[in-house]
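**Q**
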Amino acid sequence: MGDVVVMGAGAFGLSVAWACAVRGAKVRVIDPNGVGAGSSGGIVGALAPHVPENWNHKKAFQFDSLMMAEAFWQEVESVGGVSSGYGRTGRLQPIMDDKSLALARTREKTAAELWQGQAEWRVISADEAGAWAPYSPTGFLIHDTLSARMHPRRACAALAAAIVAKGGEILTKGEMGGQVVWATGWQGLMEMSARMGQPVGNGVKGQAALLRLDRPNLPQLFADSVHVVPHADGTVAIGSTSERVFSDPTSVDDQLDTVLERAIVAVPQLQHAEVVERWAGVRPRAKSRAPMLGRHPEFEGQFIANGGFKIGFGMAPKIGQVMADLVLDAVDHIPSDFKPQASLQ
2 MGDVVVMGAG AFGLSVAWAC AVRGAKVRVI DPNGVGAGSS GGIVGALAPH
52 VPENWNHKKA FQFDSLMMAE AFWQEVESVG GVSSGYGRTG RLQPIMDDKS
102 LALARTREKT AAELWQGQAE WRVISADEAG AWAPYSPTGF LIHDTLSARM
152 HPRRACAALA AAIVAKGGEI LTKGEMGGQV VWATGWQGLM EMSARMGQPV
202 GNGVKGQAAL LRLDRPNLPQ LFADSVHVVP HADGTVAIGS TSERVFSDPT
252 SVDDQLDTVL ERAIVAVPQL QHAEVVERWA GVRPRAKSRA PMLGRHPEFE
302 GQFIANGGFK IGFGMAPKIG QVMADLVLDA VDHIPSDFKP QASLQ
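Per my numbering, the sequence shown starts with residue 2, numbered consecutively.
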C-alpha cells in the first residue's frame, strides 16, 4: 500500500500527490477515468489573479500560489520530462468607461502594496499594447504581469509523469491504504451532498474552443467576460461558458458559438483562425466558492481537496504544499474559510 493514496487525477489530486512525492512519500493516484479526464483536462489554462483590493485569505493564498508557479512547473517538467505549457505572459483587459478607468488607476496603487512589488497592475494605452490589444472604448487597458498561462491537459500529463518518475503510481483502480485524499471533482461534491443530506457543492459546466493561431509569447486577454489564452504550441484557447443547468457534461452547442463571436469582436485577429477543437467539461464548485481543503468531514483519518472552480490550476502549487503539510506532518496551514466546514454551514 502507498503511504498516500489520492483518489482523483485532476489538478488538485495530482498536485497533492506530487507535493507528497517530493517529500519522500510513496504515492498512489487512482482515477477510473485516467489522468485529466474531467475539467482539469481542458484547454483554456488562464492563471489569473483576483483584483488587488479588499484583501482576504483567498486572494492572499492565490497570490502566493501564482508566485510559486514558475518554480513549481519548472521542477515538474525537469523531473518528468513533459512540458506543462506554463508561461508568465501577463494579461490585458479593456477598460470600458471613465468610472472603470478611475477604479483601475486606484488599483495600480493597491497592487503595488498588496503584490509586494513582485508583479504590476498598470493602466496602459491600447496603442502601447499593439495589434493584439482587445477593443477598448476608452482607449486604455489594464496590463497585469502576475497572470500566467499553462495548457491544462498537458499540465496534468506533466504532473503524472513527474509523480511516476518519483516512484509513484497512476492507476485506474486499486486498493486504498495509508493516508487517503479525496480529490474527485464535481461528482465527488454531488455524492458528498447526497450522503450528507445537504448541498456542499455542485458542478458548473464550461465550453471552450481551441483555435490554430501562433501567438505564443503574447499576453492572455480577458474581454467581454471571455478568456483568450495564447498557448506555446501555436494555438489560442477561447472560453468559457458558465452553465449551472446542463444535461450532458461533455456536449458542445451554440452557446460556444456565442462565446467565439464575442471573442472575435474583441480581438479581430481571431476571425479567420481555424477551430481545431471544441471542448466541454464540468468544474467543481464548493458551496463556499473557495477551495474545500482539509480533514474529510465524513471519513475519519481521511482528507479532501476539491472545489477548484475556475482557479484550480492557479491555486494548485500552494494547495499541494498545505495538503502535504497536513497529510504527512499533521501541520495545518489551511485558511479557515477553505475548510470543509465552510461549505457545511
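C-beta: ideal position from N, C-alpha, C; glycine also.
Rounded to the nearest angstrom, what separates P11 and A159 at their Cα positions?
**A** Checking the sequence, you will find Gly at residue 11 rather than Pro. C-alpha separation (whole angstroms): 12 Å.
**Q** Reducing DSSP to helix, strand and coil, say where H228 ends up.
**A** Strand at H228.
**Q** Helix, strand or coil for T173 per DSSP?
**A** Coil.
**Q** To the nearest whole angstrom, what separates the beta carbons of F339 and M293, a pair I think is in contact under 8 Å?
**A** Rounded, the Cβ-Cβ distance is 7 Å, consistent with contact.
**Q** Whose C-beta lies closer than 8 Å to the C-beta of L257 among residues of the same chain, with five residues either side of it excluded?
**A** Closer than 8 Å at Cβ, skipping near neighbours: Q208, A209, A210, T242, R279 and A281.
**Q** I need the boundaries of the alpha helix (DSSP H) containing W74, first residue and last residue.
**A** H58 to G81 is the span of the alpha helix (DSSP H), which, as asked, contains W74.
**Q** In whole angstroms, what separates the C-alpha of V83 from that of A331?
**A** Each residue's Cα considered, the two are about 32 Å apart.
**Q** Can you list, in chain order, the residues of its chain with a C-beta nearer than 7 Å to that of V328? Leave out the 5 residues immediately preceding and following it.
**A** Excluding sequence neighbours, V328 sits near V5, C21, Q180, V182 and F304.
**Q** Going by DSSP, which residues form a beta bridge with P285?
**A** Beta-bridge pairing links P285 to G204.
**Q** Taking the alpha-carbon positions, what's the G202 to W187 distance?
**A** Approximately 8 Å, taken between the alpha carbons.
**Q** With L48 and R150 assumed to form a contact (beta carbons below 8 Å), what rounded beta-carbon distance in angstroms separates them?
**A** So it is a contact: roughly 6 Å between Cβ atoms.
**Q** In its own chain, which residues sit with a C-beta less than 7 Å from the C-beta of G313, not counting the 5 before and 5 after it?
**A** Result list for G313: A12, F13 and S41, in chain order.
**Q** In this structure, does DSSP put F310 in helix, strand or coil?
**A** Three-state result, F310: coil.
**Q** Output needed for M68: all residues of its chain with C-beta closer than 7 Å, excluding positions within five of it in sequence on either side, in chain order.
**A** Counting only Cβ-Cβ distances below 7 Å, and skipping sequence neighbours, we find Q119.
**Q** Tell me, please, which residues DSSP counts as bridged to A210.
**A** DSSP, once it has assigned bridges, lists I239 and R279 as partnering A210.
**Q** DSSP three-state call for M2: helix, strand or coil?
**A** Note that M2 has pLDDT 46, beneath the 50 cutoff, so the model's placement of it is unreliable and the number below is only indicative. Three-state DSSP puts M2 in coil, outside helix and strand.
**Q** Contact between the stretch 159-174 and the stretch 28-39: three or more CB pairs below 8 Å?
**A** Short answer: they touch.
**Q** Which residue marks the beginning of the beta strand (DSSP E) containing V124, and which one marks its end?
**A** Unbroken beta strand (DSSP E) run through V124: W122 to S126.
**Q** What is the DSSP secondary structure of Q119, reduced to helix, strand or coil?
**A** Note: Q119 maps to coil in three-state DSSP.
**Q** Please say whether P336 and G309 have beta carbons closer to each other than 8 Å?
**A** It is not a contact, given that the beta carbons lie outside the stated cut-off.
**Q** With a threshold of 16 other CB atoms inside 10 Å of the CB of K100, please say whether the residue is buried or exposed.
**A** Exposed, since its Cβ has fewer than 16 Cβ neighbours within 10 Å.
**Q** From G315 to A267, what does the alpha carbon distance come to, in whole angstroms?
**A** Rounded to the nearest angstrom, the two C-alpha atoms are 25 Å apart.
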